[in-house]
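Notes follow once the structure below has been shown.
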Amino acid sequence: MTEGTTLANAVNEPYLPAGLPGPEISDVDRPFWEAARDRRLLVQSCGACGKAQWPPEEICSQCHAVDRQWVEASGRATVFSWTRCWYAVHPSLQARLPYIVVVVKLDDFPVIMIGNLLGEAGQVVEIGMPAEVVFEDHADAQTLVQWRLR
Amino acid sequence: MEYGIKGKVAIVGIGETRYYKRGASPVSEFLLVCEAVMKAADDAGIDVKDIDGFASYSMDRNDPTRLAAALGCKEVSFANMFWGGGGGGCAGAVGNGAAAIVAGYAKYVVAYRGLAQGQFGRFGQARGAGGYLPAPMSYTAPYGLFSPAQHIALRTRTFMHQYGMSQDPLAGIALASYAHAQRNPRAIMYGRPLTREDYDNSRWIAEPFHLFDCCQENDGAAAVILTTRERARDLRQRPAFVMGAAQGSETGFSLVAPTEVSFGGANFKGVARRLYESAGIGPEDVDVAQVYENFTGGTLMSMVEHGLCAAEEVETFCTVENLTAPNGKMPLNTSGGNLAECYMHGLELVLEAARQIRGESTAQVPGAKVALVAAGPVTAPVSSLLLSDEP
């Protein structure tokens, strides 16, 4: 455990209701999802040149090595963009409107990630606000990587 | 860089079915496409059986070999699909057809698109419950991020933040499309004017998009016929010459797997540069613009990247007055476009650009010589096209 990704940053009350598709895990991103269960945020990093990549890919776009390694991020980030969603794009969301989708940029790696912004759906959000990772456990399903303002 | 398209090919025929509300077509999607292609051939004054090239986009379901067989075309010399979903290829299908003509692959290429959602289901709505989705959807769907509206809302928010933009330019784009549709009897929204009050009072879909920032979904089909400059001279209509065409993407840009690459943008930076270079003109030469509206924010960023207005000026430039024919500074989507004429995945915008060059639009820009078509923005790959009244 490192600072910023401690057990305090975990919730088991899902932000969105059950019924949404879960992540289908592949060989390329299995370490990311497994680490989320252990409350650690990982970013793909090339074993040859160290370039961080997100979303993960089979090959390094910089040096073309096929040497997929992972490094741990602090979980601290900044709000990069957000939208408050009012239309049920999936049937299971009908009773859970609105909700916030957020894009964050990690403070310690040059990558952006997507999740929900936990908390009140009506909360004031602005690009540039500091955020932090939250690991959201789901019964019988994959732990999701979520975010909240800090 | 040497470009080989300018003035060598023309749109010589345009055809479209009646446009329907989604799911309302009384006939199959394939029959809609047959009708549009036959109308385009009639418009050009050629025998539909002489069409020997076929180009489409967005994984159109109407296979060109079936189409050629059904219409009794003598030969299939060219059959082509522009990669990518949505309307990113509505200009690219025309550009690919033009390239095929220049290369000598085919004599008469039809670029076409058909949509019948009663037969095939809707966009913008995920189906089924539970299950698992592979990457890149695995990084978005569990968070309720599915639709282009939501993705492009995120991109638009970044642009708005960067340039201190209000809701007004988005409203201006929507109001201009609806104003033009009131003059166009083909338009689904003909007779249904939109006011700023209606816009402001409409429900949110994904902030900053209201309902009226979002395109329709419709049934119908459209087609355009391309041939050489020389053949075009002998045909029925005034040719709309392909002055320039470009397609592509910034490396790393993806609607569904976003990275920082042009996050607050439409993905036209390189495409627009190559478009103008291929035509040997600049944005100041464009008289009328058909800029794909999946969502007004995408249109706005596409306009900026095509040089129609500066990012710092959108607040004052994108007013309904400036965007409306005949007197606006840059008349935009003069048929009503995807928002208010018909969502034919943007091919209706190509037809409208040809009409402007012919002088036959219901919202004609007097003396229009150069018409821009920018295909579906904020996806990859994207494409654009310049038409002109002379080669």
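Chains as they are written, first to last, in our numbering: chain A, 1 to 150; chain B, 1001 to 1391.
Built from N, CA and C at the ideal position, the CB exists for glycine as well.
CA-CA distance, residue i and residue j?
{"i": "Arg1358 (chain B)", "j": "Gly22 (chain A)", "result": "52 Å"}
{"i": "Ser26 (chain A)", "j": "Ala1375 (chain B)", "result": "34 Å"}
{"i": "Tyr1132 (chain B)", "j": "Gly19 (chain A)", "result": "10 Å"}
{"i": "Lys51 (chain A)", "j": "Phe1263 (chain B)", "result": "20 Å"}
{"i": "Trp82 (chain A)", "j": "Val103 (chain A)", "result": "6 Å"}
{"i": "Thr1392 (chain B)", "j": "Met129 (chain A)", "result": "One cannot answer for residue 1392 (chain B) here, as it falls past the ends of chain B, which runs 1001 to 1391."}
{"i": "Lys1369 (chain B)", "j": "Asp1287 (chain B)", "result": "7 Å"}
{"i": "Gly1004 (chain B)", "j": "Met1243 (chain B)", "result": "10 Å"}
{"i": "Gly1007 (chain B)", "j": "Tyr1143 (chain B)", "result": "48 Å"}
{"i": "Ala1055 (chain B)", "j": "Tyr1108 (chain B)", "result": "11 Å"}
{"i": "Pro1026 (chain B)", "j": "Gln53 (chain A)", "result": "49 Å"}
{"i": "Ala35 (chain A)", "j": "Gln146 (chain A)", "result": "14 Å"}
{"i": "Thr2 (chain A)", "j": "Cys60 (chain A)", "result": "Note that Thr2 (chain A) scores a pLDDT of 44, beneath 50, so its modelled location is shaky; the value from the coordinates is reported in the next line. Their backbone Cα atoms lie some 26 Å apart in a straight line."}
{"i": "Ser1166 (chain B)", "j": "Ser1058 (chain B)", "result": "32 Å"}
{"i": "Leu1397 (chain B)", "j": "Ala1206 (chain B)", "result": "Residue coverage of chain B in this structure runs from 1001 to 1391, which leaves residue 1397 (chain B) outside it and unanswerable."}
{"i": "Tyr99 (chain A)", "j": "Glu126 (chain A)", "result": "15 Å"}
{"i": "Ile1051 (chain B)", "j": "Leu1071 (chain B)", "result": "9 Å"}
{"i": "Arg1113 (chain B)", "j": "Asp1198 (chain B)", "result": "32 Å"}
{"i": "Gly1328 (chain B)", "j": "Gln1364 (chain B)", "result": "11 Å"}
{"i": "Arg1186 (chain B)", "j": "Gln62 (chain A)", "result": "51 Å"}
{"i": "Pro15 (chain A)", "j": "Cys85 (chain A)", "result": "The residue asked about is misnamed: residue 15 (chain A) is Tyr in this sequence, not Pro. Roughly 13 Å between the two C-alpha positions."}
{"i": "Arg1018 (chain B)", "j": "Ile1188 (chain B)", "result": "9 Å"}
{"i": "Ala131 (chain A)", "j": "Asn1338 (chain B)", "result": "37 Å"}
{"i": "Asp29 (chain A)", "j": "Ala1068 (chain B)", "result": "45 Å"}
{"i": "Ala1354 (chain B)", "j": "Gly1095 (chain B)", "result": "14 Å"}
{"i": "Ala95 (chain A)", "j": "Leu1145 (chain B)", "result": "16 Å"}
{"i": "Pro1391 (chain B)", "j": "Tyr1343 (chain B)", "result": "30 Å"}
Among the options, whose alpha-carbon lies nearest the alpha-carbon of residue i?
{"i": "Asp1414 (chain B)", "options": "B:Ile1005, B:Ala1093, B:Glu1284, B:Ala1010", "result": "Not covered by the structure: residue 1414 (chain B). The range shown for chain B is 1001 to 1391."}
{"i": "Ser1383 (chain B)", "options": "B:Gly1336, B:Pro1258, B:Tyr1276, B:Asp1198", "result": "B:Tyr1276"}
{"i": "Gly1252 (chain B)", "options": "B:Gly1220, B:Pro1381, B:Ser1302", "result": "B:Pro1381"}
{"i": "Gly1297 (chain B)", "options": "B:Pro1185, B:Pro1208, B:Leu1323", "result": "B:Pro1208"}
{"i": "Val1304 (chain B)", "options": "B:Val1271, B:Pro1366, B:Phe1212", "result": "B:Val1271"}
{"i": "Met1330 (chain B)", "options": "B:Thr1362, B:Asp1052, B:Met1038, B:Leu1372", "result": "B:Leu1372"}
{"i": "Arg1183 (chain B)", "options": "B:Met1038, B:Glu1341, B:Val1350, B:Phe1123", "result": "B:Glu1341"}
{"i": "Leu1211 (chain B)", "options": "B:Asn1218, B:Arg1203, B:Glu1217", "result": "B:Arg1203"}
{"i": "Val134 (chain A)", "options": "A:Glu58, A:Pro17, A:Gln62, A:Ala73", "result": "A:Ala73"}
{"i": "Phe1120 (chain B)", "options": "B:Glu1217, B:Cys1309, B:Asn1096, B:Arg1229", "result": "B:Glu1217"}
{"i": "Ala1246 (chain B)", "options": "B:Arg1236, B:Tyr1020, B:Ala1279", "result": "B:Ala1279"}
{"i": "Asp38 (chain A)", "options": "A:Phe80, A:Ala10, A:Cys85", "result": "A:Ala10"}
{"i": "Thr1065 (chain B)", "options": "B:Gly1084, B:Val1110, B:Gly1085", "result": "B:Val1110"}
{"i": "Glu1260 (chain B)", "options": "A:Pro14, A:Lys105, A:Asn12", "result": "A:Lys105"}
{"i": "Phe1295 (chain B)", "options": "B:Gly1118, B:Leu1226, B:Asp1213, B:Glu1250", "result": "B:Asp1213"}
{"i": "Ala1378 (chain B)", "options": "B:Ala1310, B:Gly1084, B:Glu1002", "result": "Reading off the sequence shown, one finds Val at residue 1378 (chain B), where the question assumed Ala. Here the closest residue by C-alpha is B:Gly1084."}
{"i": "Ala1240 (chain B)", "options": "B:Val1350, B:Phe1268, B:Ala1181", "result": "B:Val1350"}
Anything in chain A within Cβ reach of residue i, meaning under 9 Å, just list it in chain order.
{"i": "Leu1255 (chain B)", "result": "Chain A residues near Leu1255 (chain B): none, gap ~12 Å exceeds 9 Å."}
{"i": "His1161 (chain B)", "result": "Ser81, Glu126, Ile127, Gly128"}
{"i": "Glu1260 (chain B)", "result": "Phe80, Lys105, Pro110, Val111, Ile112"}
{"i": "Ala1141 (chain B)", "result": "Leu20, Pro21, Gly22, Pro23, His90"}
{"i": "Arg1203 (chain B)", "result": "Trp86, Tyr87"}
Taking Cβ-Cβ distances shorter than 7 Å, what residues in chain A pair up with residue i?
{"i": "Phe1146 (chain B)", "result": "Val89, His90"}
{"i": "Leu1170 (chain B)", "result": "What Leu1170 (chain B) touches in chain A: nothing, since even the nearest Cβ is about 14 Å away."}
At the 7 Å Cβ level, is residue i part of the contact set with chain D, yes or no?
{"i": "Thr1379 (chain B)", "result": "The structure shown contains no chain D; its protein chains are A and B."}
Let me check you understand the geometry: is the CB of residue i closer than 6 Å to at least one non-hydrogen atom of the ligand FAD?
{"i": "Val1037 (chain B)", "result": "This structure does not include the ligand FAD; it has no bound ligands of any sort."}
Starting from the beta carbon of residue i, find every residue of chain B whose beta carbon is closer than 7 Å, and list them in chain order.
{"i": "Thr83 (chain A)", "result": "Gln1150, Ala1153, Leu1154, Arg1157, Ala1206, Glu1207"}
{"i": "Trp70 (chain A)", "result": "Residues of chain B passing the Cβ test: none, with the nearest at roughly 15 Å."}
{"i": "Leu93 (chain A)", "result": "Gly1144"}
{"i": "Asp29 (chain A)", "result": "Ala1135"}
What does residue i reach in chain B if we use C-beta pairs closer than 9 Å?
{"i": "Ser26 (chain A)", "result": "Pro1134, Ala1135, Ser1138"}
{"i": "Leu16 (chain A)", "result": "Pro1142, Tyr1143, Gly1144"}
{"i": "Leu144 (chain A)", "result": "Pro1142, Tyr1143"}
{"i": "Val11 (chain A)", "result": "Result: empty, since nearest Cβ-Cβ is about 14 Å, beyond 9 Å."}
Given that residue i touches chain A, what residues does it touch there, using C-beta distances under 8 Å?
{"i": "Gly1131 (chain B)", "result": "Pro21, Gly22"}
Could you work out which residues of chain B lie near residue i, taking near to mean beta carbons separated by less than 8 Å?
{"i": "Asn116 (chain A)", "result": "Tyr1143, Gly1144"}
Q: At 3 residues or longer, and completely inside the region 1036 to 1110 of chain B: list those beta strand (DSSP E) runs for me, N to C.
A: 1053 to 1057, 1078 to 1082
(Q) Quick test of the definition: if touching needs 3 or more C-beta pairs under 8 Å, does the region 67 to 76 of chain A touch the region 43 to 57 of chain A? (A) yes
(Q) Under 8 Å: do the region 1255 to 1274 of chain B and the region 1148 to 1159 of chain B share three or more Cβ pairs, one atom per stretch? (A) yes
(Q) Quick test of the definition: if touching needs 3 or more C-beta pairs under 8 Å, does the region 87 to 94 of chain A touch the region 110 to 122 of chain A? (A) no
(Q) For the region 1135 to 1149 of chain B against the region 1183 to 1202 of chain B, do three or more pairs of beta-carbon atoms, one drawn from each stretch, fall closer than 8 Å, so that the two count as touching? (A) no
Q: Taking only runs that begin and end inside the region 1 to 61 of chain A, name each unbroken beta strand (DSSP E) of 3 or more residues, in chain order.
A: 41 to 46
Q | Three or more C-beta pairs below 8 Å linking the region 1072 to 1080 of chain B and the region 1141 to 1157 of chain B | A | no
Q. Considering only residues of the region 66 to 108 of chain A, which uninterrupted beta strand (DSSP E) runs meet the minimum length of 3 residues and lie entirely inside it, listed in chain order?
A. 68 to 73, 76 to 85, 99 to 106
Q: Run through the region 1298 to 1330 of chain B for me and flag every whole alpha helix (DSSP H) of 4 or more residues, listed as ranges in chain order.
A: 1314 to 1317
Q.
So, does the region 1315 to 1331 of chain B touch the region 1088 to 1096 of chain B, judging by three or more C-beta pairs under 8 Å?
A. no
Q: May I have a chain-ordered list of the alpha helix (DSSP H) segments no shorter than 4 residues that lie completely inside the region 1216 to 1260 of chain B?
A: 1229 to 1233
Q.
Under 8 Å: do the region 1215 to 1225 of chain B and the region 1303 to 1318 of chain B share three or more Cβ pairs, one atom per stretch?
A. no
Q. Hey, which unbroken runs of the beta strand (DSSP E) at 3 residues or more fall wholly within the region 1143 to 1179 of chain B?
A. none
Q: Ignoring anything shorter than 3 residues or poking outside the region 1320 to 1385 of chain B, list the beta strand (DSSP E) runs there in chain order.
A: 1370 to 1374
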